[in-house]
Structures are given as C-alpha cells and as structure tokens.
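Residues in the sequence shown are numbered from 77 upward in steps of one, following my numbering. The beta carbon of each residue, even a glycine, is placed where N, CA and C say it ideally should be. See structure below.
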Amino acid sequence: MEITEKSILKHIQEKAKRPMKVAEMIRFFSVPDSKRREFRQIVKDLAFSGSLERTRGGRFCSPDQKSLLPGIVQCRPNGNGFFIPEAGGEDAFIGRAHMKGAMHLDKVLVRLKPGRKFGRPDGVVERIIERNTKELIGTFETSDGEGWVIPSESKYYYPFIIPKRWRSGAKNGQLVNVEITEYPTNRFNPSGQITEVFGYALDPEAEARAILRKHRVLLEFSQGSEFEAENFSEELSEEDLEGREDLRDWTLFTIDGETAKDFDDAVSIEITSKGYTLGVHIADVGHFVKENSALDKDALERGTSVYYANGVVPMLPFPLSSNLCSLKPDVERLAMTVLMEMDDNGVMRSYKIFPSVIKSKRRLTYTEAYRLMKEGDEEGGYGKVYPALQKMAKLALILKKNRIGEGSVEFDIPESQITLAKNGKVQSIGVTERNAAHELIEEFMLSANRAVARFLDKNRLPGLNRYHESPNAEKLEGVSLFLQSQGEEFEFGQNIRQKDLQTILKRTVDKPFSRPLNYLLLRTMKKAEYSSVNSGHFCLGFDHYVHFTSPIRRYPDLAVHRIVKDFLNGEINDKARSKLREKTLVWAQQSSVRERKAMEAERDIQDLRRAQFMVDKVGQRFEGYISSVMAFGFFVELIDPYVEGLVKMGSLTDDYYVFYETEHKLKGQYKKKTFQIGDSVNVKLSRVDLSQRQIEFVIPGLAEAY
C-alpha cells in the first residue's frame, strides 16, 4: 500500500473494525521497516488535524467510527454556540456547559446527540483541534487590583485575566489588543498579555485604530521601507529621464476629490482628423518601488490602502504616496502613459503604452470640474485646461454610451459620506455626490485599464486580471419571485446575460421598489477578485480587464506596471514568462485577501461612525424605507441621516408576523399588516450599542410593550 494520508484514512474507514495502536496499524497495513518512521509521523499529523481520533487507550480511529465530527464552532454572546460540520450537513446546538473551553471559530471534534432546542441535534465538544483566535481587541477594566479585558466582539464570551506584569501600562477603560497566553477551560477563564494600547474607548480615533488592528491592517511601515522612502531625491536626474517621452509641455491635469492627498492619474486629450487622442498618465510608482525591496514587501503585505472617514492607512509611505508619486500641479513627475486613438464614435482603434515625464497644469476637484463643465470659464482663469475639459466631457458621454451598449451593468447604489468635526466626532452622514466629472474620470480609467489588458493578452504576458463571475442563478430566481410579487414578470433564463440585468433595471427605474431591486440584484453578484487567469469581468461586460490606474493604492496595479515596463525593456522571455505566471498567482491570492480585509475594516469603521452619530438621538423619529427583510425583522435605511438600523420582529407587538422569504416581507396573521422591502416607514430610534456597532429602531405605536 502506498503510504499517504489519503490511503491511510481510506483503509481505516473501510477496513479497520476497531481502534488500533500504531504498532497494530503497522502490522495491519504491512508497512515495511523503511517506511515505519514516515508512517508514524503521518498518523500523528492526521490526529493533530482531527482526521483521526486518538482514544484514551492510545488507539486511533476515524472520527466517524466514533460518532465524532470535525467542524467549526460559532459562538453567541451568552456562551452557547453552534457547530458547523466540516463535511456539511445540519448545524448542531452546543450549550455553554458542553463547550469545554472552545472559543468562537475554533476547530473542534463534536459528538452529536438528540437535541432538545432549536429543532437541531445537540453537540458536545470532545476535543479542540485548532485554536483560531490568537489575539483580540477589548476594553481593559480593573476591580480590587484584578485586571480584565472584556472582548469588544460579544461572540467571545470569556473575560480575559491580565496579570499585572502583562498590562503594558493600560488604564481602566482603554481599548487594548490582547495576545492570548492561556485558553479557557470549563473551570478557568482565559488569560492574556496586552500588546498594544489604542486609547480610551470613547475616543473615535482609538476605536478606528482598534478596528484596523483587528483586521490585521498594518499601521506602521518597516524600518527598511521608511529608510528607502526617505532617501529618494526630490529632483529628477538624467538617469530618471532616460528612455522616457517628454510630455512636460502637454496640457494635462488631474481631477480628484476635495480631500484627496495623492493624485495618481492625469488626463489629456487632442482632437485629430480621425477622432480623439485620449491620454491617461499614471504615476510611475514602479520606478521607486523595485521588486523584492523593503517597500515592495510592505506593499504586497498590505495589498491596498485603507480609506475611512478622516483617515487613510496608505499602501506606501507618505514620502511616496503623497509626494514623489503624486502628480502635483507644476511639478515634474515620472509617469506611465497610455495613449488611445479613438474614432468619432469612441471606438479604440489603437493604443500605445510608454514611460514618460509630465508636468500637471492644474489640480481640479470633481466639484470644480463639474462647475466648469456646466457654467464655463467665464473669467478665463483656466487657460487651455477648460477647452480640453470640454472635449473630454463629450468623449466621456460617448464612451459611457458604448460601454452600456456592450453590456456593462450599472447599479444605483448610493455611498455614504461621513463628515467629521475637528474634535473627531461625526458631524454629518449623507450620500456621496456623483456628477459628470466623476463619470468622466471613471470612463477614462476604464478605457486605460482595458487597453493595458489587451496589451498583456496580445503579448502573451501574465497579469493580475480583475475577474468577476456571473451572478448566482439560484439567487436570481429569488429576484424573479420578488418581481412577480410587485406585478413585474421577468425570467432571467439559464444563460444569464448582462443585458437581462440592464433591461429590468431600466424598466423599473421609476418604480417604488427600484432601489431595493438594485440591492437584491447586487447581492446575487459574486465579489470581484484578482486572478492570474483571464476570465473576463461580467458586471463591466469586458473580456479583458486589469487594474493599472491606481498603483499608489493597489498592489495589482503596481505589479502590472512592472510587467509592462519589463516587457517594453525587452526583459521578458519565455523563461521569465513562466516565472511570472507563478508570481502572479501568489500576488493575485494575496491581493484578493487583503482587499477583502480592507473592505471589512472600512465597513466596520463606517458602522462605528454611524453608531457614534446616532447614540445621542435615542427617542427621535426618522423617515426611511425598508432595505431588507429577514426572519428576525427588517432593516430600515434612513433618508437623513443616511444610516441603517434593525427593527426586530419582537418589537412588532400588535400581531403575530410571518416571514415570506420570496416576497421579502413580514405579514401579520390577523390584522394583515405588511412590512415589505421598499416600503416607506416612520421609525423611532430605540437603542444604540456602540460596542457592537448596532442601531435598533421600533415602529411607533407597535412597540409600547416591547
């Protein structure tokens, strides 16, 4: 028999009639002397991973043979939990007394027995296979000389004991990071060592730093990275300019948000006899961040910059991100230029990519650019920038029309804009304004990214493709049922097309349920990821797509820059292509992981800011609409301020309400009152939980007894 984990497990599951010691297993499997040490190690590894269970007598068997199942524990604030089997199947309830010290997300072996609660089987933790929490965030508290940390995430039930020597100067009420030194048991609380103090719990910046730390967002750069960033010259040398096209006299400029600190893209345009020459000029970050340098290693580990209200954790140190790589006006900067020749209909006929040196003529904000587009340059203060902007506005409209015509899907989902006062407190929460200037830059960046993707494909170059799968067909069936409940008949069919989504969004744009429909359709979409294989971008409707235009804040863009430059310099042969494919696989996986973590951190900070803004408004009434309906209640999105909160099913005390999943509504059994997605509602703020970042509403008149 071949000695592998798979073969050993298979033989034990199919042929072993009882638990056996290792020596018995060696005889049973006829393991030769030369393989016995290897066999023993494999058995130990299988037992450690939970694939084999070790009994009290030192014998081994398959967990299934002992009625044990491996899986993950998901805990609740009261200390109870649910067991999620690794192999799938029904969840099991685990009472606090049967957790045996297991914590949230631990991998465990569980014995199942007939259940008495929740209609599920009950579980008893027999062994903890793997601890999946090494550290956590919490609030330090003292009482009678004892020190404790209460975890911020309520799913971690146990307070942590903090011995005096491990408190790192933390004071009562401060947010801290705890490294776990002893895990809980049925008899003893866990203990830990404070490794970082963020500040007092009510300090907004301390809360934000704690959330970033929780999501493993690196707040400090390595010494090597800082050293490299600080040692670049401010002046461009002859060596820097070698091999670059000189575009310093071109009329090009940047358009960004009012609070933007880094400007990584500038645009230019010329009218030709055949149409347009569109120029997109991107900061040449790769000139400074060489592969395998300290800067590069830090950038790859971070993967992306993290943006949140009044703050940013940059992918690159500020000497680069906000200075040398930022295309500031009237300053010479190194760039990678994408020149696209387009006809009068906006069809890209050819493109050229090359290193350049540029000098931006102006820094426009979106608001300023939009005003110019609408009102003109009455005082003539913008020189050649204004007529260039006029041409750009015309081309952008053509490009957008073409993109939509090719199948690109656009959702009407507003983004929140959180404004902080000077003291760090939330001043207002509204909807981010989008205007024609935003769309102009978006269309030009999409065009440049497509051109680079085609360049990579044409030259058989590996890249970090931006990959987006088609929607989940099962979820789309639910959308069809929802549309039927609204009097709209629409079937998406087996082969889902972008035009199907476009059709239904356009057809219902003026209906009351238009925005909820946008949310429902968006939830059918899988998240876009980075991939070393080109599989197209469903939502954009592009066959080839990469990210190239934001190398200051995204590692995939930086990596693609390097690949393009290396090819242009003649440094990529067949052997280099093979190595690149291996690298892009690693880069794509890391970038996707870090992007998800950044989004989670940004979302958590947004939720915190919303809760902080609403905490002193308990008892006030607001207008909103129902954004989603669940079996436990429904979420309401307020019109002003732009926040969302939950109306719990238990607060609807005037009737017994039933959840109709396909229609996304709750309906009273006797009074027949309904609460359906898209309905306008008046709510009263009943509770804000800052620690859990939760906002709860009630319906006035229906919750007096709640």
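Item to check | Buried versus exposed, by CB contacts within 10 Å (16 or more), Val382 | outcome: The residue given as residue 382 occupies position 306 in the sequence shown. Result: buried.
Checklist entry - What runs of the beta strand (DSSP E), each 3 residues or longer, lie entirely inside the segment 672-710? => result If only uninterrupted beta strand (DSSP E) runs of at least 3 residues are considered, those enclosed by the segment 672-710 are 697-706.
Checklist entry - Opposite Asp121 in the DSSP bridges: which residues? => result On the sequence shown, residue 121 is found 45 positions in, with the first residue counted as 1. None, per the DSSP bridge assignment.
Item to check | Counted within 10 angstroms of its Cβ, other Cβ atoms place Val734 as buried (16 or more) or exposed | outcome: Within the sequence shown, residue 734 is the residue found at index 658, counting from 1. Burial call: exposed.
Next on the checklist: Distance check for Arg653 and Lys498, CA to CA, integer angstroms please.
Outcome noted: Within the sequence shown, the letter at position 422 stands for residue 498. Within the sequence shown, the letter at position 577 stands for residue 653. Lys498 and Arg653: Cα-Cα distance of roughly 51 Å.
Item to check | Same chain, Cβ closer than 8 Å to Arg599, five either side skipped, listed in chain order | outcome: Counting from 1 along the sequence shown, the entry for residue 599 is found at position 523. Within the same chain, Arg599 has close Cβ partners Lys551.
Next on the checklist: Tell me whether Phe773, by its Cβ, gets closer than 7 Å to a heavy atom of the ligand FMN.
Outcome noted: Absence of the ligand FMN is noted for the structure shown, with no ligands found whatsoever.
Checklist entry - By Cβ distance, which residues of its chain are closer than 6 Å to Asn511, with the 5 residues on each side in sequence left out? => result Taking the sequence shown and counting its residues from 1, the one referred to as residue 511 is at position 435. Closer than 6 Å at Cβ, skipping near neighbours: Tyr446.
Checklist entry - For Gly199, which option in Leu185, Glu211, Gly506 has the closest C-alpha, if you only look at C-alpha atoms? => result The residue given as residue 199 occupies position 123 in the sequence shown. Measuring from the Cα of Gly199, the nearest candidate turns out to be Leu185.
Item to check | As assigned by DSSP and simplified to three states, the class of Pro431 | outcome: Mapped onto the sequence shown, residue 431 falls at position 355. The answer is strand: DSSP assigns Pro431 an E or B state.
Checklist entry - In three-state terms, what does DSSP make of Leu766? => result Taking the first residue of the sequence shown as position 1, residue 766 is located at position 690. In this structure, Leu766 counts as coil in the three-state DSSP scheme.
Item to check | Same chain only: Cβ atoms within 6 Å of Val107, ignoring 5 sequence neighbours per side | outcome: Along the sequence shown, read from residue 1 onward, the residue named residue 107 stands at position 31. Counting only Cβ-Cβ distances below 6 Å, and skipping sequence neighbours, we find Phe115.
Checklist entry - Any chance the segment 535-547 sits against the segment 424-438, with 3 or more Cβ pairs inside 8 Å? => result no
Next on the checklist: Is it buried or exposed, Ser127, if we count other Cβ atoms within 10 angstroms and call 16 or more buried?
Outcome noted: In the sequence shown, counting from the first residue as 1, residue 127 sits at position 51. Under this definition Ser127 is a buried residue.
Next on the checklist: If distances are taken between C-alpha atoms only, which option among Tyr276, Leu581, Glu671, Glu314 comes closest to Arg292?
Outcome noted: Translated into positions along the sequence shown, residue 292 becomes position 216. Among Tyr276, Leu581, Glu671, Glu314, the Cα nearest to that of Arg292 belongs to Glu671.
Checklist entry - On the three-state DSSP scale, how would you describe Trp242? => result Residue numbering aside, residue 242 sits at position 166 when the sequence shown is read from its first letter. Trp242: helix per DSSP, three-state reduction.
Checklist entry - Just to confirm, are Lys693 and Glu772 a CB contact at a threshold of 8 Å? => result The sequence position of residue 693 within the sequence shown is 617, counting from 1. The sequence position of residue 772 within the sequence shown is 696, counting from 1. Not a contact, by the Cβ cut-off of 8 Å.
Next on the checklist: Rounded to whole angstroms, what is the Cα-Cα separation between Val764 and Val502?
Outcome noted: Translated into the one-based positions of the sequence shown, residue 764 becomes position 688. Translated into the one-based positions of the sequence shown, residue 502 becomes position 426. Straight-line Cα distance between these residues: approximately 15 Å.
Checklist entry - According to the neighbour-count rule (16 or more other Cβ atoms, all chains shown, within 10 Å of its Cβ), is Asn307 buried or exposed? => result On the sequence shown, position 231 is the one that residue 307 refers to. With fewer than 16 other Cβ atoms within 10 Å, it is exposed.
Checklist entry - So, using beta-carbon positions, are Val461 and Asp322 closer together than 8 Å? => result In the sequence shown, the residue the question calls residue 461 occupies position 385. In the sequence shown, the residue the question calls residue 322 occupies position 246. For Val461 and Asp322, no; Cβs fall outside 8 Å.
Next on the checklist: Below 8 Å, how does it come out for the segment 368-379 and the segment 675-683: are there three or more Cβ pairs, yes or no?
Outcome noted: no
Checklist entry - With distances taken between CB atoms, is the gap from Thr625 to Ala529 smaller than 8 Å? => result Reading the sequence shown from its first residue, position 549 is the one you call residue 625. Reading the sequence shown from its first residue, position 453 is the one you call residue 529. No. Outside cutoff.
Next on the checklist: If contacts are defined as beta-carbon pairs under 8 Å, then Thr215 and Leu188 qualify, I think. What distance do you get, rounded to the angstrom?
Outcome noted: Within the sequence shown, residue 215 is the residue found at index 139, counting from 1. Within the sequence shown, residue 188 is the residue found at index 112, counting from 1. The pair is not a contact, with the Cβ atoms about 36 Å apart (cut-off 8 Å).
Checklist entry - For Val225 versus Asp182, is the C-beta distance shorter than 8 Å? => result Within the sequence shown, residue 225 is the residue found at index 149, counting from 1. Within the sequence shown, residue 182 is the residue found at index 106, counting from 1. Judged by their CB atoms, Val225 and Asp182 are not nearer to each other than the 8 Å cut-off.
Item to check | Integer Cβ distance of Ala375 from Cys401, believed to fall under 8 Å | outcome: In the sequence shown, the residue the question calls residue 375 occupies position 299. In the sequence shown, the residue the question calls residue 401 occupies position 325. Not confirmed; about 12 Å, so no contact.
Next on the checklist: Tell me the DSSP secondary structure of Leu328 in three-state form.
Outcome noted: Taking the first residue of the sequence shown as position 1, residue 328 is located at position 252. Residue state, collapsed to three classes: coil.
Next on the checklist: Buried or exposed for Ala781, going by 16 or more other Cβ atoms inside 10 Å?
Outcome noted: As a first step, residue 781 is located in the sequence shown; it is residue number 705 there, counting from the start. Low local confidence applies: a pLDDT of 47 at Ala781 is under 50, so the model's placement there is unreliable, with the coordinate-based value given in what follows. By the 10 Å Cβ count, Ala781 comes out exposed.
Item to check | Spatial distance of Phe487 from Ile345 (CA atoms) | outcome: Sequence index remark: in the sequence shown, residue 487 carries index 411 (1-based). Sequence index remark: in the sequence shown, residue 345 carries index 269 (1-based). Taking the straight line joining both Cα atoms gives about 29 Å.
Item to check | Start and end residues, beta strand (DSSP E) containing Tyr276 | outcome: Here residue 276 refers to the residue found at position 200 when the sequence shown is read from its first residue. For Tyr276, the enclosing beta strand (DSSP E) has its first and last residue at 267-276.
Checklist entry - Does DSSP put Ser492 in a helix, a strand or coil? => result For the purposes of this step, residue 492 is taken as residue 416 along the sequence shown, with counting starting at 1. DSSP places Ser492 in strand when its eight states are reduced to three.
Checklist entry - Closest to Thr441 by CA distance: which of Met418, Phe329, Asn421 is it? => result On the sequence shown, residue 441 is found 365 positions in, with the first residue counted as 1. It is Phe329.
Next on the checklist: Classify Leu295: buried if its beta carbon has 16 or more other beta carbons within 10 angstroms, exposed otherwise.
Outcome noted: Within the sequence shown, the letter at position 219 stands for residue 295. When all chains shown are included, Leu295 counts as exposed.
Next on the checklist: Taking only three categories from DSSP, how would you classify Glu605?
Outcome noted: Start at 1 with the first residue of the sequence shown, and residue 605 comes out as number 529. Here Glu605 sits in strand by DSSP.
Checklist entry - Is the CB-CB distance between Glu367 and Arg583 below 8 Å? => result Within the sequence shown, the letter at position 291 stands for residue 367. Within the sequence shown, the letter at position 507 stands for residue 583. No.
Next on the checklist: I need the boundaries of the alpha helix (DSSP H) containing Ile474, first residue and last residue.
Outcome noted: Counting from 1 along the sequence shown, the entry for residue 474 is found at position 398. First-last of the alpha helix (DSSP H) with Ile474: 461-482.
Item to check | Beta-ladder partner(s) of Cys137, from DSSP | outcome: For the purposes of this step, residue 137 is taken as residue 61 along the sequence shown, with counting starting at 1. Answer is Glu129, bridged to Cys137.
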